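Notes follow once the structure below has been shown.
6 protein chains.
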Amino acid sequence: MKTSVFIGEMDWKTYADRVSDGGAPVLLPVGALEQHGHHMSMNVDVLLPVAVCERVAKRIGALVAPALQYGYKSQQKSGGGNHFPGTTSLDGATVTSTVRDIIRELARHGVRRLGVMNGHFENTMFLVEGIDLGLRDLRYAGIDDFRVTVLSYWDFINDPTVIGELYPEGFLGWDIEHGGVFETSLMLALYPELVDMDRVKDHAPATFPPYDSFPVIPERTPAPGTLSSAKAASVEKGRLILDVCVAGITDALRHEFGLVEPTPELERPAVTA
Amino acid sequence: MKTSVFIGEMDWKTYADRVSDGGAPVLLPVGALEQHGHHMSMNVDVLLPVAVCERVAKRIGALVAPALQYGYKSQQKSGGGNHFPGTTSLDGATVTSTVRDIIRELARHGVRRLGVMNGHFENTMFLVEGIDLGLRDLRYAGIDDFRVTVLSYWDFINDPTVIGELYPEGFLGWDIEHGGVFETSLMLALYPELVDMDRVKDHAPATFPPYDSFPVIPERTPAPGTLSSAKAASVEKGRLILDVCVAGITDALRHEFGLVEPTPELERPAVTA
Amino acid sequence: MKTSVFIGEMDWKTYADRVSDGGAPVLLPVGALEQHGHHMSMNVDVLLPVAVCERVAKRIGALVAPALQYGYKSQQKSGGGNHFPGTTSLDGATVTSTVRDIIRELARHGVRRLGVMNGHFENTMFLVEGIDLGLRDLRYAGIDDFRVTVLSYWDFINDPTVIGELYPEGFLGWDIEHGGVFETSLMLALYPELVDMDRVKDHAPATFPPYDSFPVIPERTPAPGTLSSAKAASVEKGRLILDVCVAGITDALRHEFGLVEPTPELERPAVTA
Amino acid sequence: MKTSVFIGEMDWKTYADRVSDGGAPVLLPVGALEQHGHHMSMNVDVLLPVAVCERVAKRIGALVAPALQYGYKSQQKSGGGNHFPGTTSLDGATVTSTVRDIIRELARHGVRRLGVMNGHFENTMFLVEGIDLGLRDLRYAGIDDFRVTVLSYWDFINDPTVIGELYPEGFLGWDIEHGGVFETSLMLALYPELVDMDRVKDHAPATFPPYDSFPVIPERTPAPGTLSSAKAASVEKGRLILDVCVAGITDALRHEFGLVEPTPELERPAVTA
Amino acid sequence: MKTSVFIGEMDWKTYADRVSDGGAPVLLPVGALEQHGHHMSMNVDVLLPVAVCERVAKRIGALVAPALQYGYKSQQKSGGGNHFPGTTSLDGATVTSTVRDIIRELARHGVRRLGVMNGHFENTMFLVEGIDLGLRDLRYAGIDDFRVTVLSYWDFINDPTVIGELYPEGFLGWDIEHGGVFETSLMLALYPELVDMDRVKDHAPATFPPYDSFPVIPERTPAPGTLSSAKAASVEKGRLILDVCVAGITDALRHEFGLVEPTPELERPAVTA
Amino acid sequence: MKTSVFIGEMDWKTYADRVSDGGAPVLLPVGALEQHGHHMSMNVDVLLPVAVCERVAKRIGALVAPALQYGYKSQQKSGGGNHFPGTTSLDGATVTSTVRDIIRELARHGVRRLGVMNGHFENTMFLVEGIDLGLRDLRYAGIDDFRVTVLSYWDFINDPTVIGELYPEGFLGWDIEHGGVFETSLMLALYPELVDMDRVKDHAPATFPPYDSFPVIPERTPAPGTLSSAKAASVEKGRLILDVCVAGITDALRHEFGLVEPTPELERPAVTA
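Protein chains in written order, with my numbering: chain H, 118 to 390; chain Z, 118 to 390; chain C, 118 to 390; chain G, 118 to 390; chain W, 118 to 390; chain B, 118 to 390.
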């Protein structure tokens, strides 16, 4: 039976040995099934946080829980809107309950440190609520040493040099990166078979009014569903992003989880291998 | 970009073309993260229905939605109980809401025929409730032609000859198959790297009183977590099960979904390839 | 004021004296309002578990709480389906909440042992969830010695001799017993005024495909609503079933509730009196 | 099979014939399991509205659904408070959901006129909410001719002569009638075996401050749990109350349900028989 | 920065100093947005309990939380019904959750005594449920010394002399006071700019049958929406009501909250100033 | 009776005349009770959107609904965190339900255009969910022309010249404006009595790691609760902000609501009067 950082690929005894008494931290990738333009698959928001989690987990001795495959409703200014076919979203309460339930279960196993790795912007506040309610449940049960760190991997791209390399013509903000250079480059580096650069629609970055309209006005989203063009995406950019995110998140979680001792033998494999 | 029956691996335009106006049916695999003994990974209930769905989808021209990774609480007499580390379950309302939400979204895309493929016995009634509430929502929205078929793949193993081949010493019922010959054989045929036959604990089939106790009395479950021994599992049995299930479900869904015309070119690849 | 095992027929002081400090166990019958064919009343699933509870309670010194009169939605393969007029069902969450609330209240009274006696198959998982959530609430409140046993009385008919007597032409499974020989015989023995054997529709046992369809396809259920014919029902069979069930459940609950001492004077009255 | 106004005692065909196309109205008694002093059983709030419903149903050609056995939490100033052992109450949302679900089901059967007969004051607003939400559901489903009448049978005792007969020394308000002359007299008339007048505790009528305190201050409730003394209760008073209530409610529902034609042969049996 | 009894007008440090360790009690006014006839604004049920709270808070050293602006659905016999334009109501569960959440938060701040001042009759039971659930949450969290007093200010008008002054022609009950002399007089005394006595519709007191109908039958409510005429309202009556309510509630809360020491310098300003 | 744009200050007839048949749009201010440092009151997030709504409503002929006084839990990186005394927050589901319920009610009144004016960043996604669910309810009821615009007033400060005037030393982002120059200046312009500039704590702008930790680590928030210093706040800046926001939102809503005709006589009063 192969060795894996994925909890789903472990037998329960091996898992139990790792997490009992607050041993190994657990990482929970949270994604969505959401259109990402004509040129890319709809599982981007799942695959990317899973890829980051896998690499970080190997470095810090963490385990990776099965990813949440469905997320909160796509918003027009960050994901194009929830009116596209294919985008398949949950009510906020469902996202919240899922996270709350998982936290209670992990705590029962002995886990005490959880990293929630978000790959879909719109999930954020419903994850936060699920964590708040999960921790409330744990307090009721007498558990008050369970800690959660919530991360969106893109928040670790904040070095101006890196941003300059990724966006030589200027960075316009994460909001309109939906289906753009950032996500497409990562997919090219990790899952090139799920990208077809020939189908990229080159269009000007989306611009939106400083408010939101419901029901959504579909014409405000560029027709392909992307909010900026992925034309400038490349494998190299994807590798750079991945390296920077994995390194930054590794450091962050070591600090948050009090993992002062590195585990050098686990870190040696190249991130982008 | 590769061709795939998995919705997550499709771009939205391709998906939209397939499902609009009630075109392609969709299959939703539903699993669990649950201990399956010392010898097998905990994602068995996800991997197996996904494998069945993939093969059936290719035969009937259906698409496969991302699998639900977490399920309802393991029950002692069918899954060993929810007290094991690793088993990570949702409250019933969370399972129900997830299915309800997905049905509303698929209907919005144009889907009108859904197959829910269950891989975890305990999910059943919460799926049924999610379907009932989802169809109620659709009726409120004026949609009354959305049809759902709920299947547990093991229910298609009902030919006494097949059962005789699988259990030459006698079949004791699906209940105690948790982590036993049936699931282990399928995993050996499909994901041998997630099974370690050397770690199988050979024990007598579990016996339980004709009632259930809460909180669970752990001693009633065999210590490894399996309810019967997987010693007699084999790749060949796994292939037989898969062939029979896929054939039976293919026929069933063709009938349910009114798909009278086979699609021969799609069916040619061997099931167990 | 008459002596009674029914909590509803007791005054609060008498009840309080019986249950304080985890004294008497409580039995909760759970039924449904569901069609049971042309020949029988719709309260079968309430009356039968109440009758069993009353007899068991007298033997083990337990008390019987008011029965839940409405249950979860009838499923086609076990109850004919929820499309029949008369069948009046609750959403799953309502069943679950009811049980959860009652558990919290019984615990407040001092009760520590509860038997949930189910008379309607479809209730099962929603009862289980209500129990799980109720026990979670109790743990939050610092109560961890409340124990629940869930029983379906038919599960105590498992002696081949008994089954041979009931079904001389062969037993086809509990699933299709809805409105058939089993329930009708019990009603004949207990409430003959609610049965009209002249109205029994003799039909072949229902057969169903190995999956479920929603919305239900009404034609799959035999028109009278029963899943097998009650023609062979009799008072004698009803008495046999009742004797066997009451004896088996009495033993089971004595064991589960740690009631080693029988109470002979209470047991003497014949079960079927 | 006996003829009955109770839906539970009818077979589904007979029921369906009665209610289809908005035929017979349905009455739903709603009670509670609540302490009613040392001298009386705890099912008073169920038995009394059932008795009223049965008599009214015979007069107006209505049917009686199974009573709700558990109600909302007893309040100190109307029921003594929810701290007594025996009093077994539901959360408000559970009461509300139950009524909402039943309304949806009755409407599916063809019922269009429902009388909700409340026997437990504290239920009132949660019934109202369940009705409002149930009617909202029906509107979503395109049903807008379902009508509900909510009644508390004591509200039909408003003739000063009657009140004078019942309370020759002066009437102090329904609030403190909990377990007092009113309910006890009705029980004596209907279920004398569930009353023990020797155990009545004679005490001054309860007095409360003009506000409510939570958690309840138990000392404010008279120790026996009754809010006024039942010493003056009598069978005769019970018969008078029943006659007046049944007559008043019969008239009210005939008017509300548009039942202009009396059904004389059904009315002949004396109310209190 | 001005001194205020309103929490919203305080900075957090000042507030924290006041409430830590169960210091100052908090009053929570709860209202509604509800029609009150042609002659008066729709915020009556908010403004009046706020006014009472402010005056009481100054006398007992309490603080006043922001008022709930929306309440439970107007009932026909107490508020005219929820069918009027303008009346803007919440589902019961929303009212309940709001109060429950606020209780948890106040307890976190250190508050241990809460007065809930209701200005809208229909809120009552949903407030009670919110309090019950909030106190349950606190018990789970180990807090069992949080006390809540629920008051409706009109319940403090019970002196026959006062009632005689207010209703020289006889008092017909609080039910039909909706938009009548009581509320209008208070508004004249406190917010004359929100009353237009010229627009008062003089009509006979509303009379209703002894039951409730759903959907509401609009004709049963007097057309202006008031249940009795406000013609006899006056500033003087408003001042009298306010004085009596404030005095009575001050005494009640001092007693409930164990505030034996008056704070004379705070009490000197006239109530109606 | 004074003329007002506030619905609470209108009588129902006047309101009904304004909104029937989709007449006047309605604005709903949504705030929070949240600490804003030592120098400012805790109702800032309510007062500011109300002030903006009032001014915009006068310009576009809209009405202003009562503000929601409590909001979602303060987050550390935008509001300091929910651990401060005074900050009094609701669960996400409560915020969502409140908005959903209000939308259903406004639609019943005839309103068809709603502006939700948010004054508390953390509310955003729960408002969005409430709007989505409210619009879903309306679709079920056959109403599909109800439109909602969600605005956060600070999003209308995007002119670099204005930002330069407000932040001559550089703008560091809205995130850390909690209790800083922006909100304090607005309060100085509108409610100077609720600000005490002498109590402003001058501190460096808060810096946070690129992730969130739960339970919150209090030390990461500057001790006063503000995320940047309000020292540079001024009445003039407040007036500028208000003018710019009101002008921008007026234009935006005119466009969104299709209000092409200005109403000059209503616009003449100065914004900051």
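Cβ coordinates follow ideal geometry from the N, Cα and C atoms, glycine included.
Treat the numbers as computed from the prediction; the structure is a model and nothing was measured.
- For residue 269(B), the enclosing beta strand (DSSP E) has its first and last residue at 264-269.
- In this chain, the beta strand (DSSP E) harbouring residue 147(G) covers 143-147.
- Think of a sphere of 7 Å around the beta carbon of residue 268(H): the chain B residues whose beta carbon falls inside it are 328, in chain order.
- According to DSSP, residue pairing for residue 235(H) in a beta bridge involves 147(H) and 269(H).
- In the DSSP assignment, no residue is bridged to residue 352(C).
- In the three-state DSSP reduction, residue 211(W) falls in the helix class (H, G or I).
- With respect to residue 354(G), residue 249(W) sits apart: the two C-beta atoms are not nearer than 8 Å.
- With a beta-carbon spacing of about 6 Å, residue 166(W) and residue 270(W) fall inside the 8 Å limit used to define contacts.
- Residue pairing by DSSP puts residue 181(B) in a beta bridge opposite 123(B) and 144(B).
- Assignment of residue 333(H) by DSSP, reduced to helix, strand and coil, places it in the coil class.
- Taken through DSSP and simplified to helix, strand or coil, residue 229(C) comes out as coil.
- Judged by pairs of C-beta atoms under 8 Å, the region 225-234 of chain B does not touch the region 194-209 of chain B, as fewer than three such pairs exist.
- Between residue 150(H) and residue 375(Z), the gap from beta carbon to beta carbon reaches 8 Å or more.
- Within 7 Å of the CB of residue 187(Z), no CB atom of chain G is found; the nearest one sits about 25 Å away.
- Looking at the DSSP output, residue 205(G) bridges to 150(G).
- Note that the C-beta distance between residue 134(W) and residue 118(W) is not below 8 Å.
- CA-CA distance, residue 333(G) to residue 246(W), rounds to 13 Å.
- Counting only Cβ-Cβ distances below 7 Å, residue 225(Z) has no contacts in chain G at all, with the closest Cβ about 17 Å away.
- Contact between the region 169-183 of chain G and the region 310-323 of chain G is not established, with fewer than three Cβ pairs separated by less than 8 Å.
- Listed in chain order, the non-local C-beta contacts of residue 186(G) below 7 Å within the same chain comprise 148, 150 and 163, local neighbours out to five positions each way being set aside.
- By the neighbour-count criterion, in which a residue is buried when 16 or more other Cβ atoms sit within 10 angstroms of its Cβ, residue 286(Z) is exposed.
- In this structure, the straight-line span from the alpha carbon of residue 291(G) to that of residue 156(G) is close to 19 Å.
- The bridge partners DSSP lists for residue 189(W) are 207(W).
- In the three-state reduction of the DSSP assignment, residue 314(C) falls in the helix class.
- Under the criterion of beta carbons closer than 8 Å, residue 280(W) and residue 251(W) do not qualify as touching, at roughly 34 Å.
- Short of 8 Å from the beta carbon of residue 261(C), and not among the five residues preceding or following it, lie these beta carbons of its own chain, in chain order: 255.
- Annotation for residue 361(H): 273, 274, 276 and 279 place their beta carbon closer than 8 Å to its own, counting only its chain and skipping 5 residues before and after.
- Residues of the region 213-240 of chain H with a C-beta atom less than 8 Å from some C-beta of chain W do not occur.
- In summary, the residues of the region 158-192 of chain B whose CB is separated from some CB of chain W by less than 8 Å are 158, 159, 160, 163, 182, 183, 184, 185, 186 and 187, in the order they occur in the chain.
- Non-local C-beta neighbours of residue 341(G) in its own chain, meaning closer than 6 Å and more than five positions away in sequence, comprise 154, 155 and 318, ordered along the chain.
- Under the three-state reduction of DSSP output, residue 118(Z) falls in the coil class, being neither helix nor strand.
- Under the DSSP assignment, residue 129(H) falls in the alpha helix (DSSP H) whose first and last residues are 129-136.
- In this model, residue 142(H) and residue 243(H) are separated by some 22 Å (Cα to Cα).
- Within the same chain, and ignoring the five residues on either side of residue 258(G) in sequence, no residue has its Cβ closer than 6 Å to its Cβ.
- Here residue 331(G) is not near residue 216(W), since their CB atoms are 8 Å or more apart.
- Excluding residues up to 5 positions away in sequence, 153, 154 and 343 lie with their Cβ nearer than 6 Å to the Cβ of residue 296(H) in the same chain.
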